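Asks:
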Amino acid sequence: LITYGDQFREPGRPPLRSLLTFLDTYLGDAVNGVHILPFFPYSSDDGFSVIDYLVVDPALGTWDDVKAIGSGYKLMFDAVVNHVSRES
Numbered sequence: 016l017i018t019y020g021d022q023f024r025e026p027g028r029p030p031l032r033s034l035l036t037f038l039d040t041y042l043g044d045a046v047n048g049v050h051i052l053p054f055f056p057y058s059s060d061d062g063f064s065v066i067d068y069l070v071v072d073p074a075l076g077t078w079d080d081v082k083a084i085g086s087g088y089k090l091m092f093d094a095v096v097n098h099v100s101r102e103s
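Note that our numbering has the sequence shown beginning at 16, numbered continuously upward.
(1) Kindly list the residues whose CB is nearer than 6 Å to the CB of glutamate 25, restricted to its own chain and excluding five residues on each side of it in sequence; keep chain order.
(2) Please tell me whether valine 113 and phenylalanine 55 are closer than 8 Å, where the distance is taken between their beta carbons.
(3) What whole-angstrom Cβ distance do valine 96 and phenylalanine 63 have, given they're in contact under 8 Å?
(4) Pull up the CB-CB distance for tyrosine 19 and leucine 52, whole angstroms please, since I reckon it's below 8 Å.
(5) In this structure, how does DSSP classify glycine 48 when only helix, strand and coil are distinguished?
(6) Taking all protein chains shown into account, decide if glycine 48 is buried (16 or more other Cβ within 10 angstroms of its Cβ) or exposed.
(7) Under 6 Å Cβ to Cβ from leucine 16, same chain only, skipping five residues before and after it: list those, please.
(8) Which partner residues of isoleucine 17 appear in the DSSP bridge assignment?
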């Protein structure tokens, strides 16, 4: 599965945690990996203009949410090295 980190939403839960719930509930038997498009704080370019590569965008969740996904699924994510935000 390839997705942006904000595509799965449930009231009162960060989207990355909702992504894990979706994977476990609906795709657990069919999918063994997930590629999350940039989930870092960004200023433009749909997440590809990264401000801080060390932080998960708080609107999406935390590193613990990313680690939880990685504990049950092969995890890939974009390391955006050819773009940078003016704010970084």
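Glycine included, C-beta positions come from ideal geometry on N, C-alpha and C. Bear in mind that the values here come from a model prediction, so they are computed numbers and not experimental data.
Replies: Concretely, from the data shown:
(1) So the list reads Ser33, once near-sequence residues are dropped.
(2) No answer is possible for residue 113: it lies beyond the span of the chain, which begins at 16 and ends at 103.
(3) That belief does not hold up - the Cβ atoms of valine 96 and phenylalanine 63 are roughly 11 Å apart, past 8 Å.
(4) So it is a contact: roughly 5 Å between Cβ atoms.
(5) If DSSP states are grouped into helix, strand and coil, glycine 48 belongs with the strands.
(6) Under this definition glycine 48 is an exposed residue.
(7) The answer, listed in chain order, is Val46, Val49.
(8) Isoleucine 17 is bridged to His50.
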